[in-house]
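**Q**
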Amino acid sequence: MVTTPRARLLLVLALATVVGLLIALIPGHRGWFDVGVYHGTVNDWVHAGGDIYGYTRLDTHYGFTYPPFAAVVMLPMSLLAWHPTIVVHLALTALACAAILYWLVDPIAREHAWPRLFTVGVAACLLGALQPVRDTVSFGQVNLLLLALVLLDAWLLTTGRDRWAGIGIGLAAAIKLTPAIFIGYLLLSGRRRAAAIATATAAAATLLAVLIAPGPSWTFWTEVLGDTHRIGDLAYVSNQSLRGVIARLPEAVPRTGPWLVLVAATLALWAARVRRAARAGDVWGGFALTGLAACLISPVTWVHHLVWAVPGLILLYAAGLREPVPDRRRRLLWAAAAAHVVLCSSVVWLWSRHHTGPDGLLGGSLYVWVTLALLAFLPLRAPTPDVHRPAALESITVRAAGS
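So for the sequence shown, our numbering puts the first residue at 184; every next one is plus one.
1) Going by beta carbon distance, what residues of the same chain come within less than 8 Å of residue 239, once the five residues before and after it are set aside?
2) Could you name the residues of the same chain whose beta carbon sits closer than 6 Å to that of residue 216, not counting the 5 residues immediately before and after it, in chain order?
3) Please work out which residues of its chain come closer than 7 Å, Cβ to Cβ, to residue 201, disregarding the five sequence neighbours upstream and downstream, and give them in chain order.
4) DSSP three-state call for residue 237: helix, strand or coil?
5) Assign residue 399 to buried or exposed, taking buried as 16 or more other Cβ atoms, counted over all protein chains shown, within 10 Å of its Cβ.
6) What is the DSSP secondary structure of residue 540, reduced to helix, strand or coil?
7) With a Cβ-Cβ cutoff of 8 Å, do residue 369 and residue 357 count as a contact?
8) Grab the span of the alpha helix (DSSP H) containing residue 354 for me, first residue to last.
9) Give, in chain order, every unbroken run of the alpha helix (DSSP H) that is at least 4 residues long and sits entirely within the segment 205-236.
10) Run through the DSSP bridge pairs and tell me what residue 246 is partnered with.
11) Just to confirm, are residue 497 and residue 287 a CB contact at a threshold of 8 Å?
12) In the DSSP assignment, find the alpha helix (DSSP H) that holds residue 414 and state where it starts and stops.
13) For the candidate residues 268, 486, 550, 296, whose alpha-carbon lies nearest to that of residue 522?
14) To which residues of the same chain is residue 417 closer than 8 Å at the C-beta, ignoring the five residues directly before and after it?
15) Specify the secondary structure class of residue 294 as computed by DSSP and reduced to three states.
16) Hey, how far is the Cα of residue 546 from the Cα of residue 197?
17) Between residue 353 and residue 383, is the Cβ-Cβ spacing less than 8 Å?
18) By the DSSP assignment, the alpha helix (DSSP H) with residue 440 in it spans what residues?
19) Rank 512, 359, 560 by C-alpha distance to the C-alpha of residue 460 and give the top, closest one.
20) When the Cα atoms are used, what is the spatial distance from residue 467 to residue 233?
21) For residue 661, which residues in the same chain have their Cβ closer than 7 Å to its Cβ, ignoring the five residues on either side in sequence?
22) Between the Cα of residue 494 and the Cα atoms of 504, 257, 470, which residue gives the shortest distance?
23) What is the DSSP secondary structure of residue 386, counted as helix, strand or coil?
24) Which whole-angstrom value describes the C-beta separation of residue 315 and residue 538, a residue pair presumed to lie in contact below a C-beta threshold of 8 Å?
25) Measure the alpha-carbon distance for residue 349 versus residue 474 and round it to whole angstroms.
26) Relative to the alpha-carbon of residue 258, which residue among 278, 285, 242, 228 has its alpha-carbon at the smallest distance?
27) For residue 291, which residues in the same chain have their Cβ closer than 6 Å to its Cβ, ignoring the five residues on either side in sequence?
28) Nearest to residue 332 by alpha carbon, out of 313, 306, 363, 308?
29) For residue 212, which of 361, 318, 265 has the nearest alpha-carbon?
30) Output yes or no for whether 8 Å exceeds the beta carbon distance between residue 276 and residue 328.
31) So residue 516 packs on residue 557, CB below 8 Å; how close in whole Å?
32) Between residue 285 and residue 403, which are expected to be in contact by the criterion C-beta below 8 Å, what is the C-beta distance as a whole number of angstroms?
33) For residue 396, which three-state DSSP category applies?
34) Measure the C-alpha to C-alpha separation of residue 535 and residue 407 and round it to an integer number of angstroms.
35) Report buried or exposed for residue 209, applying the criterion of at least 16 other Cβ atoms within 10 angstroms of its Cβ.
36) Do you know offhand how far residue 306's Cα is from residue 533's?
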């Protein structure tokens, strides 16, 4: 560990510079496309009386695909011009990243008695290098905001504040359907109260959207929800889900049947692993596994959606740092570093035009295989006492972990 504050500051600045140059120089800038869809949709709805699901951006066929509650949450965009909207989105994303790093990385620093700001600063640079994070920022996507909402519940569950746990998951699921799988995690881990709160929150938010926008709500739940053509080509290499793997196979290969079998097998693996995490009291591990499963089973998991794999990646690093057996420690840290490099590399785009053949199956879906490996092999652990919390609060947490 770097020993002086000056040296630590210089190292963080050097890393930030390298990551900044990486982001600035490599191809793949997305031009705030998705936040442009949000901004255009809300302004068309509010100021022109347009249909939320009838708006398309510029000369594309891409429009709003989220539940109507998401449009309700984004109503403040109607008060902002284009550039202030980008600034606000960047600020909110930065706050979400700060919360995620505080919840996931700060405990690692405290466990190993490392300088906390320095550790989080290095982790922030490594986080910013990941392609899913770069794309989320460049598209102006909501993924990191939703991840922070969901992980807020994990933090509540592990700090004895579980009275309110479930609200973050419920709101995230009402904004975008994918986080609803975390309600399944809460049920599998025996946290029925949190699952009920999450379900009630999602239902209340959806009902609020029905009251505010009844027409668009009807359109979404009866038409838009099942229309995958609004989202994009399932075979596009950016779709790093199991459905994307199947879609990129030769046309003679059946699509629906094999995909459903893979989804069922993935859900079975996920259920077994989250039950094991629940028995160990590993809340963070359970949340990480659920995010990985969500990426795999979703029909569409664009590369920027893979921010849901970030908790699993961080916990893999943490497991390696904690492992007392040298050989196993090296294997875990090498595995974490390899997964990190792959997710930074944008390597799947080498098969963006030609994804047939064995190399296309392996390389064009490499992010899928990394996600699947994390789901299958992520080490789980029992919680350790937090020396910064009172003993009474610690005992509450231990009882909650066994519930």
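Cβ atoms here follow ideal geometry from the backbone N, Cα and C, with glycine treated the same way. Note that the structure is a prediction, hence the values are computed from the model and not measured.
**A** Checking against the coordinates, here is how it stands:
1) 245, 246
2) Within the same chain, Cβ atoms closer than 6 Å to the Cβ of residue 216 are found at 322, the five residues on either side in sequence being excluded.
3) none
4) Correct three-state label for residue 237: coil.
5) buried
6) helix
7) no
8) 350-358
9) 216-231
10) Answer by DSSP bridge pairing, in chain order: 239.
11) yes
12) DSSP places residue 414 in no alpha helix (DSSP H); its state is neither H nor E.
13) 550
14) 411, 426, 427, 430, 482, 483
15) helix
16) 31 Å
17) yes
18) 439-463
19) 560
20) One C-alpha to the other measures close to 42 Å.
21) Outside the displayed range of the chain (184 to 586) lies residue 661, so it cannot be described from this structure.
22) 470
23) Residue state for residue 386 is assigned as helix, using DSSP reduced to three classes.
24) At roughly 19 Å, the Cβ-Cβ gap does not stay under 8 Å, so residue 315 and residue 538 are not in contact.
25) 15 Å
26) 228
27) Here residue 291 has 501 as same chain residues with Cβ atoms under 6 Å from its own Cβ, once five neighbours each way along the sequence are excluded.
28) 363
29) Distance check between residue 212 and each of 361, 318, 265 places 318 closest, using alpha-carbon atoms only.
30) Remark: C-beta atoms of residue 276 and residue 328 approach each other more closely than 8 Å.
31) With a Cβ gap of about 15 Å, residue 516 and residue 557 do not count as contacting.
32) 34 Å between Cβ atoms; not a contact.
33) In the structure shown, residue 396 sits in coil (DSSP, three-state: anything other than H, G, I, E or B).
34) 27 Å
35) exposed
36) Distance between the alpha carbons of residue 306 and residue 533 is about 27 Å.
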